[in-house]
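Working notes, beginning with the structure itself.
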Amino acid sequence: MSQKLNAAIAVIGIDIGKNSFHIVGQDHRGAIVLRQKWSRGQVETRLANLPPCLIGMEACVGAHHLSRKLQVLGHDARLMPAKYVRPYSKGQKNDFRDAEAIAEAVQRPTMKFVATKTADQLDLQALHRVRDRLVGQRTGAINQIRAFLLERGIAVRQGPHSLRFELPGILATRTDVLSPRMLPIIEGLAEDWRRLDERIEGLSGEIETLARQDRACQRLMTVPGIGPIISSAMVAAIGTGDVFSKGRDFGAWLGLVPKQISTGDRTILGSISRRGNRYLRALFVQAAWVVLVKVKCWERYGLNSWIEAAKKRLHHNVLAIALANKLARIAWAVLNKGRAFACVKMEETVSRPA
-5 MSQKLNAAIA
5 VIGIDIGKNS
15 FHIVGQDHRG
25 AIVLRQKWSR
35 GQVETRLANL
45 PPCLIGMEAC
55 VGAHHLSRKL
65 QVLGHDARLM
75 PAKYVRPYSK
85 GQKNDFRDAE
95 AIAEAVQRPT
105 MKFVATKTAD
115 QLDLQALHRV
125 RDRLVGQRTG
135 AINQIRAFLL
145 ERGIAVRQGP
155 HSLRFELPGI
165 LATRTDVLSP
175 RMLPIIEGLA
185 EDWRRLDERI
195 EGLSGEIETL
205 ARQDRACQRL
215 MTVPGIGPII
225 SSAMVAAIGT
235 GDVFSKGRDF
245 GAWLGLVPKQ
255 ISTGDRTILG
265 SISRRGNRYL
275 RALFVQAAWV
285 VLVKVKCWER
295 YGLNSWIEAA
305 KKRLHHNVLA
315 IALANKLARI
325 AWAVLNKGRA
335 FACVKMEETV
345 SRPA
């Protein structure tokens, strides 16, 4: 590219591919001055020769790595959710039009951006994703064992601990209904269950070790119901939380607030929106149930009056969601402000005679 063209480029939209990247550059007036297809190896080399400019990308696989590289080169690299870029696409879909839509979207003052994750955040996120996948596989193995036993008229009490305790005896004594072909099938599933338990315990231990070494995670673990798993998952997802201006925005991003459908003077609130990070939302709901079960700790957490008042007007499932939203907002404040959670008890005012 010529020096004159380099100086004219102010905004770049990059459509990321596996091996090729489609680039659209605009000048300060919004006119397209660059439309090229680069290989993966050419991106950093060519952008290193450009003066600092605004670069937009969709937050997809590989975007965080490239964003960090471009920031080192002095560019203002920003990531956006793909669903927020789609409205700016014009005409039939192709890679260059996607890159043009990205260049348009990144300049919008109201655009919501995704914070660039560090390498440590991506490592922590990978641990959580592998653990979550293994937990799902373990649940599938347990359910399959139960289903095969029920097909032969054998019912086991609810809970994985009951099945783990009773399964050896069932396999040893119920050969009257378990055929020689079915026995090794169930034994194989039980072995899969055991191996999955070992891997999950190993990953959980690694996550716990990392969480106890990280100061942000240590502060988050002072919040009621939050332990190493939730604290590390939150840090991996949002870092310091600077992308949100307040805790309410974080709760809305997690999908823990009612879906709003309003028109005119009518405000209609439905079920929760279930937007954002489904894994993190589920963890906060689990944390809320843990807090609700520990009734004796409500006073120590400073939640006694709030929970008692909410119990009078909310169904217990709705109460759990409301408490999860409250815990998420508290956790964001702890993470963003850099201070541990501390329960402040308000002293009751006592009227005195004049």
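If you read the sequence shown in the working numbering, its first letter stands for residue -5, the second for the next number, and so on. Each residue gets a CB set at the ideal place from its N, CA and C atoms; glycine is no exception.
Taking the alpha-carbon positions, what's the residue i to residue j distance?
i	j	result
R140	A149	8 Å
M228	R323	12 Å
L67	A42	6 Å
W187	E202	22 Å
N311	I136	26 Å
R146	L165	12 Å
K306	S299	11 Å
L329	R29	42 Å
A71	M51	8 Å
V5	Q20	5 Å
P162	R132	18 Å
L313	G264	15 Å
I205	R158	For clarity, residue 205 is Ala in the given sequence; the question names Ile instead. The alpha-carbon atoms of A205 and R158 are separated by roughly 30 Å.
R151	R294	36 Å
L274	Q119	11 Å
E225	P174	Looking at the sequence itself, residue 225 is Ser, so the reference to Glu does not match. If I take the Cα positions, the gap works out to 47 Å.
Q207	R125	20 Å
V55	G258	41 Å
A1	M105	26 Å
E341	I301	With a pLDDT of only 41 at E341, under the threshold of 50, the placement of this residue in the model should not be trusted, and no figure is reported.
H155	G134	15 Å
Since residue i contacts residue j with CB under 8 Å, what's their CB separation in whole angstroms?
i	j	result
L73	F107	6 Å
V18	A97	5 Å
L183	Q138	6 Å
I349	L44	Because the chain here runs from -5 to 348, residue 349 falls outside it and cannot be looked at.
V251	I266	6 Å
I315	V287	16 Å between Cβ atoms; not a contact.
A303	G219	So it is not a contact: roughly 19 Å between Cβ atoms.
G7	A113	Incorrect: roughly 25 Å between the Cβ atoms, too far for contact.
P75	A53	6 Å
D9	D89	5 Å
Per DSSP, which one or two residues make a beta bridge with residue i?
i	result
L52	Before going on, a small fix: residue 52 reads as Glu here, not Leu. Partner(s): M74.
T261	S256
H16	D9 and K31
I201	The partner list for I201 (beta bridge, DSSP) is empty, contrary to what the question assumes.
I324	I324 pairs with nothing; no bridge assigned.
Going by C-alpha distance, which of the options is nearest residue i?
i	options	result
R80	H69, A1 and A95	A95
G221	N330, K84, K77 and V285	V285
Y78	V100, A327, S156 and Q36	V100
H69	C54, I3 and C47	C47
G296	A336, A282 and N271	A336
R34	L44, A210, G11 and V55	G11
E160	M176, L143 and R175	L143
R242	N271, F278, A327 and S226	A327
R40	F15, P178 and M176	F15
**Prompt:** Is there contact between the region 231 to 248 and the region 163 to 177, where contact requires at least three CB pairs shorter than 8 Å?
**Reply:** Result no; under three Cβ-Cβ pairs closer than 8 Å.
**Request:** Spell out a yes or no on whether the region 240 to 260 and the region 307 to 321 are touching, meaning 3 or more CB-CB pairs, one atom from each, closer than 8 Å.
**Result:** yes
**Prompt:** On the three-pair Cβ rule with 8 Å, is the region 190 to 209 touching the region 81 to 88?
**Reply:** no
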